[in-house]
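Visitor: Have a look at the structure that comes next, please.
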Amino acid sequence: MMHTIGKHTGKLFTLLMVVALVTLAYVLYQAPAEGLENKFIYLMKAYGYIILFVWSMLEGESGLIMAGLLSHTGDMNLFIAIFVAGLGGFAGDQVYFYIGRFNKKYVHMKLKGQRRKLALAHLLLKKYGWPIIFAQRYMYGLRTIIPISIGLTRYDAKTFAFINLMSAWCWGAFTILPAWYFGDEILIVIHWAKAHWYFALPLAGLIGGSIYYYFHKMTDKTFKEKHAR
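To convert a position in the sequence shown, counted from 1, into our numbering, add 18.
As structure tokens, then:
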């Protein structure tokens, strides 16, 4: 039974996400508020924990920062937000793990362009062991690859699940707590960015591009160093 479900993990995950996103889009459209921004705020206040869970499965820190701000304004409970975000992050990585565990041929076929990252993930797991599972959420460019690559190995599924859960809750706390604590300062920056979008957008693109470039170069450097030995 588990093996049969596991073989279709990717399809089931995709279907679930499509249904969730379509449902949220419909609720957003029906929201009793004027303007897209006000509709989105209403949606976050009314269904914040559901959105946070789905967002944490799919994406990274932006949803958690939003949860931290809503906790700061009193529209969400801080501890529940951390708990839900952790569960979402845990669920997402479990899906990726089982995609690798039960769909090895499919993964190797679909991720031909990611072979270097898969190989690097195997090398990191072999050298560092379980801490790499804990740290993978902070390794941009490898966040999805590492759970999949671990699923491709014989690593114990229960051990992975336990470490993954602890890591996800720490990730939720480390991201949401600063946004909650510095909520006023972050809101000031957001208001400035809205008023000066012509400066904010290029700046955000530059920062995002720099982060991506840095981690891409670090990945290549680490891979080359491992293979040179």
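Beta carbons are placed, not taken as given, at the ideal position from N, Cα and C, and that holds for glycine. Just so we're clear, the structure is a prediction, and the values are computed from it rather than from any experiment.
What is the residue span of the alpha helix (DSSP H) that His214 lies within?
Guide: As a first step, residue 214 must be located in the sequence shown, where it is residue number 196. Where His214 is concerned, there is no enclosing alpha helix (DSSP H), given that its DSSP letter is neither H nor E.
Visitor: Just confirm the distance between the C-beta atoms of Asn182 and Ile151, as a whole number of angstroms; I'd bet it's less than 8 Å.
Guide: Looking up residue 182 in the sequence shown gives position 164. Looking up residue 151 in the sequence shown gives position 133. With 8 Å as the limit, Asn182 and Ile151 qualify as a contact, their Cβ atoms being about 6 Å apart.
Visitor: With 16 as the cutoff for other CB atoms within 10 Å, does Gln48 come out buried or exposed?
Guide: For this step, residue 48 is matched to residue 30 along the sequence shown. Exposed, because fewer than 16 other Cβ atoms sit within 10 Å of the Cβ of Gln48.
Visitor: Report the residue ranges of all alpha helix (DSSP H) runs contained in full by the stretch 63 to 104; include only those spanning at least 4 residues, in chain order.
Guide: 79 to 90, all fully within the stretch 63 to 104.
Visitor: Would Trp189 be called buried (16 or more neighbouring beta carbons within 10 Å of its own) or exposed?
Guide: Within the sequence shown, numbered from 1, the residue matching residue 189 stands at position 171. The residue in question, Trp189, is buried, as its Cβ has 16 or more Cβ neighbours within 10 Å.
Visitor: Using a Cβ-Cβ cut-off of 7 Å (strictly less than) and excluding sequence neighbours within five positions of Leu46, which residues of its own chain qualify?
Guide: Within the sequence shown, residue 46 is the residue found at index 28, counting from 1. Taken in chain order, the residues that qualify are Lys57, Phe58 and Leu61.
Visitor: Would you identify the three-state DSSP class for Trp189, choosing helix, strand or coil?
Guide: Locating residue 189 in the sequence shown gives position 171, counting from the first residue. It is helical.
Visitor: Give the straight-line distance between the Cα atoms of Gln132 and Gly92, rounded to the nearest whole angstrom.
Guide: Here residue 132 is taken as the residue at index 114 of the sequence shown, counted from 1. Here residue 92 is taken as the residue at index 74 of the sequence shown, counted from 1. Going by the C-alpha atoms only, they are around 42 Å apart.
Visitor: Candidates Leu33, Gly159, Ala38 and Glu79: which alpha carbon is nearest Trp187's?
Guide: Position 169 of the sequence shown, counting from 1, holds the residue named residue 187. Measuring from the Cα of Trp187, the nearest candidate turns out to be Glu79.
Visitor: Are three or more beta carbon pairs between the stretch 106 to 118 and the stretch 68 to 87 nearer than 8 Å?
Guide: The stretch 106 to 118 is in contact with the stretch 68 to 87.
Visitor: Tell me the residue span of the alpha helix (DSSP H) that contains Leu248.
Guide: A query on residue 248 cannot be resolved here, the shown segment of the chain reaching from 19 to 247 and no further.
Visitor: I need the DSSP call for Glu203, collapsed to helix, strand or coil.
Guide: By 1-based counting over the sequence shown, the position of residue 203 is 185. Here Glu203 sits in helix by DSSP.
Visitor: Between the C-alpha atoms of Tyr116 and Ile98, what's the straight-line distance to the nearest angstrom?
Guide: For the purposes of this step, residue 116 is taken as residue 98 along the sequence shown, with counting starting at 1. For the purposes of this step, residue 98 is taken as residue 80 along the sequence shown, with counting starting at 1. Spanning the two alpha carbons is a distance of roughly 27 Å.
Visitor: Give the straight-line distance between the Cα atoms of Phe200 and Lys212, rounded to the nearest whole angstrom.
Guide: Taking the sequence shown and counting its residues from 1, one reaches residue 200 at position 182. Taking the sequence shown and counting its residues from 1, one reaches residue 212 at position 194. Approximately 19 Å, taken between the alpha carbons.
Visitor: Kindly give me the distance between the Cβ atoms of Ile204 and Ala85, rounded to whole angstroms, as I take these residues to be in contact under 8 Å.
Guide: The residue you call residue 204 lines up with position 186 of the sequence shown. The residue you call residue 85 lines up with position 67 of the sequence shown. Not really, about 12 Å apart at Cβ, beyond 8 Å.
Visitor: I think Ala197 touches Ile164, with their Cβ atoms under 8 Å apart; what is that distance to the nearest whole Å?
Guide: As a working mapping, residue 197 is identified with position 179 in the sequence shown. As a working mapping, residue 164 is identified with position 146 in the sequence shown. At roughly 25 Å, the Cβ-Cβ gap does not stay under 8 Å, so Ala197 and Ile164 are not in contact.
Visitor: Answer yes or no: do Leu88 and Gly104 have a C-beta to C-beta separation smaller than 8 Å?
Guide: Stepping through the sequence shown from its first residue, residue 88 is reached at position 70. Stepping through the sequence shown from its first residue, residue 104 is reached at position 86. No.
Visitor: Could you check what DSSP says for Met20 in three-state terms: helix, strand or coil?
Guide: As a position in the sequence shown, residue 20 is number 2, starting the count at 1. Because the pLDDT at Met20 is just 48, under 50, the model does not fix this residue reliably, and the point stays unresolved.
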